[in-house]
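Those protein sequences? They're chains A and B, same order as listed.
Each residue of the first sequence is one higher than the last, beginning at 1 in the working numbering.
Each residue of the second sequence is one higher than the last, beginning at 1001 in the working numbering.
Using N, Cα and C, we set each Cβ at its ideal position, and we do this for glycine too.
Note that the coordinates shown come from a computational prediction; the quantities given were computed from them, not determined experimentally.
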Amino acid sequence: MLEIIILGRGGQGAQTAGNQLAKALFAKGNYVQTFSTYGGARRGTPVTSSLRADSQPIRQRCNITSATAMLCFDDSLLDEAFLKLGAEDALVVVNSARSAASLPSLGNRRIIPVDGKAIARRNNMGKVVNSALLGAFVAKLDTPDIDTMCAIIEDTAPAKKQENVTACREAWGLNATSSEVLA
Amino acid sequence: MNAPAFTDNVQLLNGNHAVAWGVRLAAPDVAPLYPITPQTPILEKLIEFQSQNTFDAELLTPESEHSAMAAAIAASATGARVFTATSSQGLLLMHELLHFAAGARTPIVMFNVNRTPASPWGFWPDQIDSLSQRDTGWIQFYCENPQDSLDTVIQAFRIAETVNLPVMVNHDAFYVSHSVEPVSLPSAETVKDFLPRQPRQIQLGDGSGRSLGAPIDQASWNLTRREMDAGMSLVEDLTAEVGRSWATLTRRTSAPLEQYQTDDAEIVFVTMGSMTGTARIAVDTLRERGVAAGLIKVRLFRPLPAAALRAALMDVPCALVLDRNYSPGTGGVLHQELKSALFGMAGAPRLYGLLTGVGGVNVPAETLEKLAADYSDAAPDNNPIWVE
């Protein structure tokens, strides 16, 4: 079973990204389960989106405590408490302009910084980074394929559909060719 | 577990939107609704359906949950099919009128999203909001997943309208309400045939000039409760029959109790709602280790299927009741109900009341597996036990 945690701040689109990724994995024939938890439902407070995907119906109704992969929308949220929710060798994609070496880490977790803000800006997306981060994340995760991911984004993005798709593709392409800071 | 098959008309829906789909298909005439986290997506989806002309109930948005329930009672008493939804504080604000609705024999269907009541403020899955309403005369169901919620809300209309008692269907906040999953949608024709408009004894608005709920003498009031008792006594068999009928249409089972791996079980978990899914994993893991574990899911909580619970637990050495709720001064409500149901039974299990997940704290399968190890040979303990 694939277990994913997406962490962001309210309003950044972590929940939307979780739902879009779930739709893409579902479109590839997986059973999926994604749920969000949030505190005061206020803009800026941490929001977690959890996602499971499997070939069998998903039965458990509890938090993910050993994630296969994690996506962090804001490097100020990347701390030990968050990293501990990942498996020992979890993939951790972080929205950050900093180098992997300068970011917090834990055990053998693979920290991959992605400069989502720069990619978003180049694609006329302002500060909206979720499509860029999804592109990088699915490239590293190696599932679902980029065409399925982009089709879901095009279908569900509330505005700037084409810009969202190109940001996603750019991040995917950059990530496929480099394991260092993207963009 | 009633997971959808991929061959069905499957959509990705969260639990609340699955409920809204079930309600749309059940086609109530009136739906008074007031928003509250984490119920609001039910209301929002129904309003979206209405704006698309796919849901033509009269949607009322009064100034409080108390008024929403008052409107629901009045509408139902005229013979209308009525739906409402709420959560936690909203349900508690309705409390007075929950008694009224049941006493007036109005077959309202209400969906409640189980959430911690204040104080302190919280939004977390905990069933004490609805369990504390167990004496109001409402039939109560607890659902495990979005598919269960959709199937049960549809069945609830048939059950309510058959016995003229209101039905409250519950699912846990976030783990079900906001969990997006594949959900199989039945066709509109299937649900229309499943929920025929039953001729009802209309109590208001039929021109006969009668009143509803006027003051009556002691013996007449007493009689109303005897009649409710007679109605309640039909509900367990009716739930089983309605579930079988639904299964022939959808291939998904829905029973008052579901037993999982209980045939030869020596230690059985008993639980309700979303924790059931996690307990299934724990049972499988324990079986792989050679422990004869099993599970009973209580889907129909009120009326409690006491005879079926006694039969299911007869000669089982040990049962662990997992309560995601806490009644101060007694412990877990399901534990309390089980003690009552099993009282005096020869061959009753040693029963442990485990307060797991109170306030929405996380309960992974490993916790349940450890509980099975800790209590399989433990000394009897009648008191509630807090689980870390």
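Subject >> Residue(s) in a DSSP beta bridge with E1181 of chain B >> reply: B:L1013
Original post:
Residue range of the alpha helix (DSSP H) that N130 of chain A falls in?
Top reply: 130-141
Subject >> Three-state secondary structure (DSSP) of P1146 of chain B >> reply: helix
Subject >> Backbone CA spacing between I1139 of chain B and P1303 of chain B [nearest angstrom] >> reply: 6 Å
Subject >> Closest Cα partner of S1179 of chain B within the set A:Q12, A:G10, A:G11, A:T16 >> reply: A:T16
Original post:
Would a C-beta distance cut-off of 7 Å place V129 of chain A and K117 of chain A closer than the cut-off?
Top reply: Closer than 7 Å, so yes.
Subject >> Cα-Cα separation, P113 of chain A to E1044 of chain B >> reply: 37 Å
Original post:
Can the beta-carbon of L1309 of chain B be found closer than 7 Å to that of G1332 of chain B?
Top reply: Contact annotation: L1309 of chain B and G1332 of chain B have beta-carbon atoms that are not nearer than 7 Å.
Original post:
If we cut at 7 Å on Cβ distances, does H1178 of chain B have a partner in chain A?
Top reply: Chain A contact via Cβ: present.
Original post:
Would you call the stretch 1161-1178 of chain B and the stretch 1103-1115 of chain B in contact, with 3 or more CB pairs under 8 Å?
Top reply: yes
Original post:
How about C62 of chain A: is its C-beta nearer than 7 Å to some C-beta of chain B?
Top reply: yes
Subject >> Contacts that A22 of chain A makes with chain B (C-beta to C-beta distance below 8 Å) >> reply: L1012, V1180
Subject >> Spatial distance of L1091 of chain B from R122 of chain A (CA atoms) >> reply: 49 Å
**OP:** Run down chain B in chain order and give the residues with a C-beta less than 8 Å from the C-beta of T143 of chain A.
**Re:** Near T143 of chain A there are no residues of chain B at all, since even the closest Cβ is about 17 Å away, more than 8 Å.
Original post:
Leaving out five residues before and five after G18 of chain A in sequence, what residues of the same chain have Cβ atoms less than 6 Å from its Cβ?
Top reply: Cβ contact annotation for G18 of chain A (same chain, cutoff 6 Å, sequence separation greater than five): I6, T34, S49, L51, in chain order.
Subject >> Beta-carbon contacts of A183 of chain A that lie in its chain and below 7 Å, excluding the five residues immediately before and after >> reply: Model confidence at A183 of chain A stands at a pLDDT of 42, short of 50, so the residue's coordinates are unreliable; what they give is reported in the following sentence. Cβ within range, chain order: D115, A118, I119, L174.
Original post:
Are the beta-carbon atoms belonging to L1025 of chain B and A1188 of chain B less than 7 Å from one another?
Top reply: yes
Original post:
If K28 of chain A sits next to L91 of chain A, beta carbons under 8 Å apart, how far is it from one beta carbon to the other, in whole angstroms?
Top reply: With 8 Å as the limit, K28 of chain A and L91 of chain A do not qualify as a contact, their Cβ atoms being about 19 Å apart.
Subject >> Cut-off 7 Å between Cβ atoms - residues of its own chain near A87 of chain A, not counting five sequence neighbours on either side >> reply: S66, A67, T68
Subject >> DSSP three-state assignment for T1285 of chain B, whether helix, strand or coil >> reply: helix
Original post:
If P1062 of chain B sits next to Y1034 of chain B, beta carbons under 8 Å apart, how far is it from one beta carbon to the other, in whole angstroms?
Top reply: P1062 of chain B to Y1034 of chain B, Cβ: 7 Å. Contact.
Subject >> Simplified DSSP state of L78 of chain A, which is helix, strand or coil >> reply: Looking at L78 of chain A - three-state DSSP - the assignment turns out to be coil, as it is neither helix nor strand.
**OP:** Answer with yes or no whether the minimum CB distance from R59 of chain A to chain B is below 7 Å.
**Re:** yes
Original post:
How is V1361 of chain B classed by DSSP in three states: helix, strand or coil?
Top reply: coil
Original post:
Assuming L1257 of chain B and I1296 of chain B make a contact with CB atoms under 8 Å, what is their CB distance in whole Å?
Top reply: 6 Å
Original post:
Any idea what DSSP makes of M1168 of chain B, helix, strand or coil?
Top reply: strand
Original post:
Going along chain A, which residues have a C-beta under 7 Å from Y1034 of chain B?
Top reply: The premise fails here: Y1034 of chain B is roughly 17 Å from chain A at the closest Cβ pair, so nothing lies under 7 Å.
Subject >> Buried versus exposed, by CB contacts within 10 Å (16 or more), G1273 of chain B >> reply: buried
Original post:
What separation, rounded to the nearest whole angstrom, lies between the Cα atoms of A1365 of chain B and L1322 of chain B?
Top reply: 12 Å
Subject >> S1087 of chain B burial status per 10 Å Cβ neighbour count (16 or more: buried) >> reply: So S1087 of chain B ends up on the buried side.
**OP:** Determine the DSSP secondary structure at D1237 of chain B, reduced to helix, strand or coil.
**Re:** It is helical.
Original post:
If we cut at 7 Å on Cβ distances, does Q33 of chain A have a partner in chain B?
Top reply: Yes, because at least one Cβ of chain B sits closer than 7 Å to the Cβ of Q33 of chain A.
**OP:** Please determine, among B:A1279, B:D1315, B:A1214, B:A1282, the residue with the shortest C-alpha to C-alpha distance to F1100 of chain B.
**Re:** The option with the nearest alpha carbon to F1100 of chain B is B:A1214.
Subject >> Continuous alpha helix (DSSP H) stretch holding P1041 of chain B: start and end >> reply: 1040-1051
Original post:
Is there contact here, the stretch 1041-1055 of chain B with the stretch 1215-1228 of chain B, by at least three beta-carbon pairs under 8 Å?
Top reply: no
**OP:** Would you please verify whether the beta carbon of V1030 of chain B is less than 7 Å from any beta carbon of chain A?
**Re:** no
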